[in-house]
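Q: Residue numbers (UniProt numbering), protein chains in the order written: chain A, 1 to 133; chain B, 1 to 133. Just so you know, even glycine gets a beta-carbon here, dropped at the ideal spot from N, CA and C. Keep in mind it's a predicted model, so treat the numbers as computed, not measured.
There are 2 protein chains.
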Amino acid sequence: MRIGELARRAGVTTRTLRYYEARGLLPARRGDNGYRTYGEDDLRLLRQIRVLQDFGFGLEETRPFVECLRAGHPAGDACPASLAVYRRKLTELDALIGQLGSVRAQVAAHLAAAEAARYEAPEPRCQFGGTTP
Amino acid sequence: MRIGELARRAGVTTRTLRYYEARGLLPARRGDNGYRTYGEDDLRLLRQIRVLQDFGFGLEETRPFVECLRAGHPAGDACPASLAVYRRKLTELDALIGQLGSVRAQVAAHLAAAEAARYEAPEPRCQFGGTTP
DNA sequence: GCTTGCCTTGACGCCGACGTCAAGCCGTAC
DNA sequence: GTACGGCTTGACGTCGGCGTCAAGGCAAGC
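1. Do you know how far the Cα of B/L96 is from the Cα of B/I49?
2. Would B/F55 pass as a contact of A/V107 if the rule is Cβ separation under 8 angstroms?
3. For B/L6, which residues of its own chain have a beta-carbon under 8 angstroms away from its beta-carbon, when the five flanking residues on both sides are left out?
4. Pair every Cβ in the region 84-95 of chain A with every Cβ in the region 86-106 of chain B, then say whether three or more of these pairs are closer than 8 angstroms.
5. Does A/T14 come out as helix, strand or coil in the three-state DSSP assignment?
6. Going along chain B, which residues have a C-beta under 8 angstroms from A/F55?
7. Around the Cβ of A/D32, are there at least 16 other Cβ atoms within 10 angstroms (buried) or fewer (exposed)?
8. With distances taken from CA atoms, which of A/M1, A/K89, A/A10 is nearest A/G58?
9. With DSSP run on the structure shown, which of helix, strand or coil describes A/R70?
10. Report the neighbours of A/R87 on chain B: residues whose CB is nearer than 8 angstroms to its CB, in chain order.
11. In three-state terms, what does DSSP make of A/T131?
12. Taking 8 angstroms as the cut-off, decide whether the C-beta atoms of B/L111 and A/R87 are in contact.
13. Based on the DSSP output, what are the partners of A/R29 in its beta bridges?
14. Using a Cβ-Cβ cutoff of less than 6 angstroms, which residues in the same chain neighbour A/V85 once the five nearest sequence positions on both sides are dropped?
15. Taking all protein chains shown into account, decide if B/R30 is buried (16 or more other Cβ within 10 angstroms of its Cβ) or exposed.
16. If you check the beta carbons only, do A/A114 and B/L83 fall under 8 angstroms apart?
17. Between the alpha carbons of B/L25 and B/Y119, how many angstroms are there, rounded?
18. Alpha carbon to alpha carbon, how far is B/G11 from A/E40? Give it in angstroms, no decimals.
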């Protein structure tokens with residue numbers, strides 16, 4: 001399988017595959033003509049990468065999963081290093097969600113206060129930026 | 001007040017102030033020697049920008065607030081355009097928090113499944129990437 | 001031989017909010 | 001005079017994950 005077919009089957013671009021190879025994440029064998037050659041297992045590795053990417057994992061964070069698969073394990077998360085990434089990611093997600101929730105609350109409070117101020121002192125009102133709500 | 005003093009009082013760098021000016025967000029008057037000159041009101045504008053930046057607002061999203069203050073209003077969110085930004089941001093935050101929560105649940109499920117698999121078939125275990133948990 | 005399509009490498013572009021360096025001017029203290 | 005700190009503009013670097021040319025090689029059909 002050459003790069004174009006793998007890209008189509010995985011739903012990525014050839015540029016993406018070359019990029020992964022440049023990062024050492026998905027190296028390819030080469031045919032006599034210099035063309036990259038991939039196998040079915042490369043498609044599985046690629047799918048693993050894509051799933052994690054869709055979760056928001058950075059490319060480097062997918063590496064343990066890929067190496068785990070390449071080591072012959074049926075799942076990319078069968079290795080301790082992968083589980084460690086999962087756990088770290090959960091911690092990061094919790095922190096991020098907490099921060100965003102805090103920001104959301106503060107923005108909502110600012111909005112409510114600003115609306116209340118406009119209600120209590122309705123005129124003269126600022127006309128800048130659109131019609132009054 | 002020159003750029004260095006304003007930067008110190010606002011807790012930003014001079015580079016940041018020059019950047020804001022280049023974006024047309026915080027223009028400065030100039031003295032005879034070409035030095036930028038700022039007033040106390042510029043400090044207030046700058047503080048408004050920083051609060052919103054800390055909330056994760058993009059620079060362009062702070063513009064309505066700044067122009068509202070510059071129009072003479074006591075608060076940057078006294079204008080409809082600012083309130084619109086608040087509301088849009090709340091929507092974005094809700095969407096983002098929802099997505100992150102979904103991702104968090106999926107990662108947690110993957111982790112639990114992987115741990116269960118290791119428990120049910122404890123050997124031979126993959127040794128790659130560290131000690132077993 | 002010529003087109004067509006797929007492949008190769010190399011290199012620059014993008015987004016945002018600046019950081020960092022370079023070369024040189026302004027003003028004050030010594 | 002000269003040393004120093006603060007100021008000026010200009011321009012390139014950062015981070016991630018690619019997109020988008022450009023110039024050219026390889027294989028197949030007509």
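A: In terms of the structure at hand:
1. 22 angstroms
2. yes
3. L17, Y38, D42, L43, L46
4. Yes, the region 84-95 of chain A is in contact with the region 86-106 of chain B.
5. helix
6. V103, Q106, V107
7. Burial call: exposed.
8. Checked all of A/M1, A/K89, A/A10; the closest Cα to A/G58 is A/K89.
9. Note: A/R70 maps to helix in three-state DSSP.
10. Around A/R87, the beta-carbon contacts reaching into chain B at under 8 angstroms are L111.
11. Since pLDDT at A/T131 reaches only 46, below the 50 mark, its modelled position is unreliable, and the value read off the structure follows with that caveat. Coil, per DSSP.
12. yes
13. A/T37
14. E61, P64
15. exposed
16. yes
17. 58 angstroms
18. So the two alpha carbons sit approximately 55 angstroms from each other.
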